[in-house]
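Position in the sequence shown (first residue = 1) + 5 = the numbering used here. Built from N, CA and C at the ideal position, the CB exists for glycine as well. In this text, all values refer to a predicted model and were calculated from it rather than measured experimentally. Everything below concerns the one structure shown next.
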Amino acid sequence: MRVAVITGGARRIGAAITNMLIDEGWAVIIHCNRSVTQAKHLIKRGKGAIVSGDLSNDEELFRIIEEIHDHELVEEAGGIDLLVHNASIYNQEDFATVTPQELRRFSSIHLDAPFFITQGLVPKLKAKKGSVIGMVDTSWDHAWEELAHYTATKAALRQLLINLAGELAPEIRVNGIAPGAILAAAWEKERFEKILEKVPLGRAGTPEDIAGAVKFLADASYITGFILPVDGGWSLT
Numbered sequence: 006m007r008v009a010v011i012t013g014g015a016r017r018i019g020a021a022i023t024n025m026l027i028d029e030g031w032a033v034i035i036h037c038n039r040s041v042t043q044a045k046h047l048i049k050r051g052k053g054a055i056v057s058g059d060l061s062n063d064e065e066l067f068r069i070i071e072e073i074h075d076h077e078l079v080e081e082a083g084g085i086d087l088l089v090h091n092a093s094i095y096n097q098e099d100f101a102t103v104t105p106q107e108l109r110r111f112s113s114i115h116l117d118a119p120f121f122i123t124q125g126l127v128p129k130l131k132a133k134k135g136s137v138i139g140m141v142d143t144s145w146d147h148a149w150e151e152l153a154h155y156t157a158t159k160a161a162l163r164q165l166l167i168n169l170a171g172e173l174a175p176e177i178r179v180n181g182i183a184p185g186a187i188l189a190a191a192w193e194k195e196r197f198e199k200i201l202e203k204v205p206l207g208r209a210g211t212p213e214d215i216a217g218a219v220k221f222l223a224d225a226s227y228i229t230g231f232i233l234p235v236d237g238g239w240s241l242t
């Protein structure tokens with residue numbers, strides 16, 4: 006039995022990844038915060054479990070790590086085959102008005118949680134020669150107006166993945182996925198349409214496109230330290 010753990014696994018891209026893994030026969034431990042109803046609906050389709058809590062709260066974060074580490078599915082399988090850091094938050098905010106509390110919340114979810122979840126689950130990942138995949142962003146090396154708090158913390162996650170790929174090899178592979186124009190937030194419809202004009206493949210991506218990339222990297226036993234852009238060629242422009 007192969008076991009996957011996915012943070013933010015109940016909605017949007019996370020739900021697509023969960024569905025793909027279940028279709029492939031994986032047992033999936035879904036982390037969610039408030040989307041417990043959606044998570045329950047997903048695991049009805051296969052073997053899985055739900056761990057809920059706020060990753061931006063230190064007490065809850067370490068309780069989540071312990072719960073996953075000691076979970077009966079992990080014990081039954083002899084470890085963890087795949088850890089997907091998908092949990093993310095995203096909003097528009099002028100640089101001049103971002104508060105310390107808001108920046109810390111973004112950092113706690115995009116950097117601290119992946120850091121400490123990976124750290125806490127290393128023994129279980131090593132036991133199965135597992136892999137870690139983190140969701141970063143195509144904003145790397147670009148300036149995005151009113152998104153400094155988001156792009157800076159996603160860049161930190163990107164560097165963490167690269168560093169861990171070297172540090173945890175050869176027992177654990179670590180890679181990242183940089184989604185392009187996948188799902189537009191309500192406040193960025195106009196920006197999203199302008200981005201699509203630059204995408205060589207001429208369409209927005211789907212959550213299933215990202216799930217397919219997760220499947221590829223999970224199975225690619227000779228790839229580590231790679232950030233895979235899934236953006237329809239947008240990064241070429």
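Three-state class that DSSP yields for residue i in the structure shown
i, result
"Gly-139", "strand"
"Pro-234", "strand"
"Val-219", "helix"
"Ile-228", "coil"
"Ile-200", "helix"
"Ala-101", "helix"
"Pro-205", "coil"
"Ala-20", "helix"
Beta-carbon spacing of residue i, residue j below 8 angstroms
i, j, result
"His-76", "Gly-125", "no"
"Leu-166", "Gly-139", "yes"
"Ser-113", "Leu-60", "yes"
"Met-6", "Glu-81", "yes"
"Ala-218", "Leu-233", "yes"
"Ile-200", "Trp-149", "no"
"Thr-143", "Asp-86", "no"
"Thr-229", "Ala-183", "no"
"Ala-132", "Gly-84", "yes"
"Ala-9", "Gln-43", "no"
"His-154", "Phe-111", "yes"
"Ile-27", "Gly-51", "yes"
"Ile-69", "Val-56", "yes"
"Lys-129", "Val-79", "yes"
"Lys-159", "Val-141", "yes"
"Val-127", "Leu-173", "yes"
"Asn-38", "Gly-58", "yes"
"Lys-220", "Glu-29", "yes"
Residue i - partner residues in DSSP beta bridges
i, result
"Arg-178", "Ser-136"
"Ala-255", "Given that the chain is displayed from residue 6 to residue 242, the structure contains no residue 255 and the question cannot be resolved."
"Pro-184", "Val-235"
In the segment 28-95, which residue ranges form an unbroken alpha helix (DSSP H) of at least 4 residues, counting only runs that do not cross its ends? The alpha helix (DSSP H) runs lying completely inside the segment 28-95 and spanning 4 residues or more are 41-48, 63-74, 77-82, given in chain order.
Does the segment 10-23 come into contact with the segment 194-206, if we say contact requires no fewer than three beta-carbon pairs (one atom in each stretch) closer than 8 angstroms? Touching, no.
Please give the ranges of any beta strand (DSSP E) in the segment 112-172, keeping only runs that are unbroken, at least 3 residues long and fully inside the region. Segments of the beta strand (DSSP E) lying fully in the segment 112-172: 136-140.
For the segment 100-114 against the segment 27-38, are there 3 or more C-beta pairs whose distance is under 8 angstroms? Contact between the segment 100-114 and the segment 27-38 is absent: fewer than 3 CB-CB pairs across the two stretches fall below 8 angstroms.
Is the segment 211-230 in contact with the segment 149-163, if contact means three or more CB pairs nearer than 8 angstroms? No: fewer than three Cβ pairs fall under 8 angstroms.
Does the segment 115-124 come into contact with the segment 81-92, if we say contact requires no fewer than three beta-carbon pairs (one atom in each stretch) closer than 8 angstroms? Two segments are said to touch when three or more pairs of C-beta atoms, one from each, lie closer than 8 angstroms; by this definition the segment 115-124 touches the segment 81-92.
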